[in-house]
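Since the structure comes first, as structure tokens, the remarks are kept for the end.
In this note's numbering, the protein residues as written are 44 to 589.
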């Protein structure tokens, strides 16, 4: 009887196992591909993975005898990842960077769809580890490894537009904005192996769109192409950008702006820079014409600011025409309700206000705010309905004006648009050339000649700023700061000081600088990011892995 019961249980177990094989096969059958690109879609899990474009963990690429592999095999993948993170941190403290790289690769194979791994470790490679090396060639290699790591991440997460943007950002900013950017940009332009790897990812660096003024691939143009790819990805999967679309879409034209400024840094002050700024200006206009979603549930365009502003003015004028004195009466009434300190602070000149007065003035401004609805409700009954309709339209327009203005201010849109216009002027190119020639003469201690050229250049810049007064900012001033500093030092050689009626005095007022020491020979024209930049030696590329 006992033997019979045991036999029945075994048969039941075996039958259950066999029956479970069918749903397991249905769920877990892997997808296959045929010779003609047509294959089986696989089981339900494979189909869900394909729909979400999730990557399969590549356990086959992990050391089979490692503890991590053993843990991952038995379903303890999170534990394995924690152990590997600890190992990577330990190796980095020991400056064993080869093992850091190997460990990071294992982590990425265990959690290929965990985006933070790709971002964090790419930053670790390109920023943290690279600075531990004295030789800029070695630093470039680690920056390149960080970018390569991100590129690998985009293969596992091809629908993540933000990760593609990370590749673009590192290619542009880390190579083109570092202290060693002269050397890094030169190394990148010669790095054929790296160019080939980017081409494998769909970034054709052999095309004219990627070539710089020297006929070789430029990192900023490569960055632009990566940003373009990120927008293509976003068009198919917009949830990655809907929270902050302006920050996402500003990157592509920004890369062209930085490319144009890099050309000026490199001494290309003629047609090359002019055309580059024209391309950047066109890209900014295209950005301004793009529909961008807002947190208020409607779409706007940056270039609609003037249109909505004019519409708002017309609606307010229409409201005031119904009761010309009402707006001012409401304002006066609210002013009377303020406390005496608030009234005094509000009436005080802005430049004379202390922090305490500024706080009171802000409180007063908020208390005195009068909405169009407030005005409509104060209208006579006979025209109140009409006023309410106008108020509703005006407040809708005001909301759009505020939304567009906030977005434009967030990315400094107006400044860069005007900057690109200004830089295309023939007078601006002439002024930059003159300043560069004066800087070179100053380095050679030919002071009389340098002084004449500086003073010619300052007059040209004065004409430019008279046409573009909004360009008198610290950003623009930093571009000329080293040259103005040289001019001040030059005047000191003649026992003179910068005159009070200096033609660029209002620009100088935006700067906080001390006269620079005599620059080294072969001075390079400064940029806003690196005003003290000195031209470095062009490195050879024999060390690159070919």
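From the three backbone atoms N, C-alpha and C, an ideal C-beta is built for every residue, glycine too.
| Item | Value |
| --- | --- |
| Best match in 193, 229, 224 and 427 for proximity to residue 240 [C-alpha to C-alpha] | 193 |
| Collapsed DSSP secondary structure at residue 342 in the structure displayed | strand |
| Close-in-space but distant-in-sequence residues of the same chain around residue 48 (CB under 6 Å, 5 per side omitted) | none |
| Residue 164 vs residue 147 beta-carbon contact at 9 Å | yes |
| Own chain partners of residue 63 with C-beta closer than 8 Å, once the 5 adjacent residues on each side are dropped | none |
| Nearest candidate by alpha-carbon position, reference residue 268, set 296, 348 and 309 | 296 |
| Reduced DSSP secondary structure (H/G/I, E/B, other) of residue 131 | helix |
| Given residue 188 as reference, the closest of 197, 168, 175 and 199 once Cα atoms are compared | 168 |
| Nearest-angstrom Cα separation, counted from residue 334 out to residue 518 | 28 Å |
| Distance between residue 207 and residue 252 (C-alpha atoms, nearest Å) | 19 Å |
| Among 364, 220, 211 and 265, nearest to residue 234 - alpha-carbon criterion | 265 |
| Rounded Cβ spacing between residue 419 and residue 427 (contact assumed at less than 8 Å) | 7 Å |
| Inter-residue Cα distance where the pair is residue 303 and residue 513 | 20 Å |
| Boundaries (first-last residue) of the alpha helix (DSSP H) holding residue 217 | No alpha helix (DSSP H) contains residue 217, which DSSP labels as neither H nor E. |
| Under 9 Å between C-beta atoms of residue 608 and residue 414 | Missing from the structure shown is residue 608; the chain here goes from 44 to 589 and no further. |
| Residue 336 - partner residues in DSSP beta bridges | 342 |
| C-beta contact flag for residue 197 and residue 262 at 9 Å | no |
| For residue 346 and residue 440, the rounded distance between their alpha carbons | 15 Å |
| For residue 260: DSSP bridge partner residues | 254 |
| Of the residues 552, 487, 503 and 550, the one placed nearest residue 533, counting alpha carbons only | 487 |
| Own chain, CB closer than 7 Å to residue 454, minus 5 neighbours either side, in chain order | 289 and 293 |
| Residues near residue 434 in its chain [Cβ-Cβ closer than 8 Å; skip 5 each side] | 362, 414, 415, 416, 418 and 419 |
| Three-state class that DSSP yields for residue 352 in the structure shown | helix |
| Presumed contact (8 Å Cβ cut-off) between residue 184 and residue 320, rounded CB distance | So it is not a contact: roughly 33 Å between Cβ atoms. |
| Where residue 444 falls, given that 16 or more other Cβ within 10 Å makes a residue buried | buried |
| Burial state of residue 388, where buried means 16 or more other Cβ atoms lie within 10 Å | buried |
| Pick from 522, 401 and 412 that is closest to residue 373, judged by C-alpha positions | 412 |
| Separation of residue 341 from residue 107, as counted between CA atoms | Summary for residue 107: the model assigns pLDDT 48, below 50, so the residue's position carries little reliability; its value from the coordinates is reported in the next sentence. Approximately 54 Å, taken between the alpha carbons. |
| Nonlocal neighbours in the same chain, by C-beta distance under 7 Å from residue 442, ignoring five residues either side | 339 |
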